[in-house]
Amino acid sequence: ETGVTQTPRHLVMGMTNKKSLKCEQHLGHNAMYWYKQSAKKPLELMFVYSLEERVENNSVPSRFSPECPNSSHLFLHLHTLQPEDSALYLCASSQDRTVNYGYTFGSGTRLTVV
Amino acid sequence: GQNIDQPTEMTATEGAIVQINCTYQTSGFNGLFWYQQHAGEAPTFLSYNVLDGLEEKGRFSSFLSRSKGYSYLLLKELQMKDSASYLCAGRNNNAGNMLTFGGGTRLMVKP
């Protein structure tokens with residue numbers, strides 16, 4: 040356990056479903072991130088929240104919708120996804136965006152879109 | 098982005114030494130990180146370099162040359178449990194000091 044908890048660990052959803060991924064950290068960090076990890080591709084930054092304010096939206100399709108209700112929780116709401124969205128979705132947190140220790144990652148949600 | 102490049106796969110023998118290289122674009126560079134990721138698990142922090150030179154932490158060391166845009170991760174006395182992906186990530190102050198990751202190097206340690 041790294042201190043960043045993601046649920047569910049695995050998710051299979053149809054293209055017409057709506058689901059949400061949850062991330063929780065109790066490390067006292069004030070920045071949280073969503074990354075997408077596809078096979079044989081670099082980690083792709085999706086969204087960044089700093090002090091609960093979205094500061095980065097990396098040209099992510101609108102079928103992905105983030106929510107950060109407080110500094111400990113981050114959600115990724117999913118709707119009408121495509122099969123190419125199947126990937127490992129990683130949440131991370133950091134003390135702030137300039138910290139020298141990088142990010143603490145969760146174990147990810149393995150998403151399969153059918 | 099910062100165009101982080103690292104080899105896709107490497108194989109080494111238990112007990113040996115392996116060096117995993119990483120190159121990056123130097124413009125706006127503000128720190129280089131290495132992470133280890135076992136299959137199905139979270140990436141975990143290994144090392145951070147911002148100044149030239151070698152940082153040693155037990156069996157793992159990381160080196161940085163800012164002028165060459167080059168880093169390597171050195172793993173000594175390899176163990177089977179070191180089989181994992183190793184992710185190189187650069188922080189760029191032209192990108193809000195956020196991390197850009199390479200594709201990862203999958204290391205297989207054989208007996």
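Line order of the protein sequences matches chains G and U. Heads up: take any position in the first sequence, counting from 1, add 39, and you land on the numbering used here. Heads up: take any position in the second sequence, counting from 1, add 97, and you land on the numbering used here. C-beta atoms are modelled at their ideal positions from N, C-alpha and C, and glycine is treated no differently. Keep in mind that this is a model prediction, so the values were computed, not measured.
With respect to the C-alpha of G:Leu115, the residue from G:Asn56, G:Val43, G:Cys62, G:Leu90 having the closest C-alpha is G:Cys62. By the neighbour-count criterion, in which 16 or more other beta carbons inside 10 Å mark a residue as buried, U:Pro140 falls on the buried side. Between U:Cys119 and U:Leu170, the CB-CB gap stays under 9 angstroms.
Secondary structure note for G:Leu113: its beta strand (DSSP E) is the uninterrupted segment 112–118. Straight across, the Cα-Cα distance linking G:Phe144 with G:Ser132 is about 7 angstroms.
Around G:Phe103, the same chain offers Met85, Leu115, Leu117 as residues with beta carbons nearer than 7 angstroms, after the five sequence neighbours per side are excluded.
For U:Phe142, the nearest CB of chain G lies under 9 angstroms from its own CB, placing it at the interface with that chain. Between U:Leu161 and U:Leu148, the C-beta gap is smaller than 9 angstroms, which places the two residues in contact. A direct Cα-to-Cα measurement between U:Tyr183 and U:Leu204 gives close to 7 angstroms. The beta carbon of U:Ser158 sits closer than 7 angstroms to those of Leu151, Glu152, Leu171, all from its chain and outside the five residues before and after it, given in chain order. Beta bridge pairing from DSSP links U:Ser144 with U:Trp131. Contact between U:Ile101 and U:Phe198 holds, with the beta-carbon distance rounding to 6 angstroms and staying under 8 angstroms.
If you check the CB distance, G:Lys75 and U:Gly200 do not come in under 9 angstroms. With respect to the C-alpha of G:Tyr142, the residue from G:Tyr72, G:Met52, G:His49 having the closest C-alpha is G:Tyr72. The C-beta of G:Leu90 has fewer than 16 other C-beta atoms within 10 Å across all chains shown, which makes the residue exposed. At the C-beta level, G:Tyr88 and G:Pro100 stay beyond 9 angstroms of one another. Closest in C-alpha terms to U:Ala136, from the list U:Lys207, U:Pro208, U:Thr202, comes U:Thr202. When C-alpha distances from G:Ala126 are compared across G:Asn97, G:Pro108, G:Pro81, the shortest belongs to G:Pro81.
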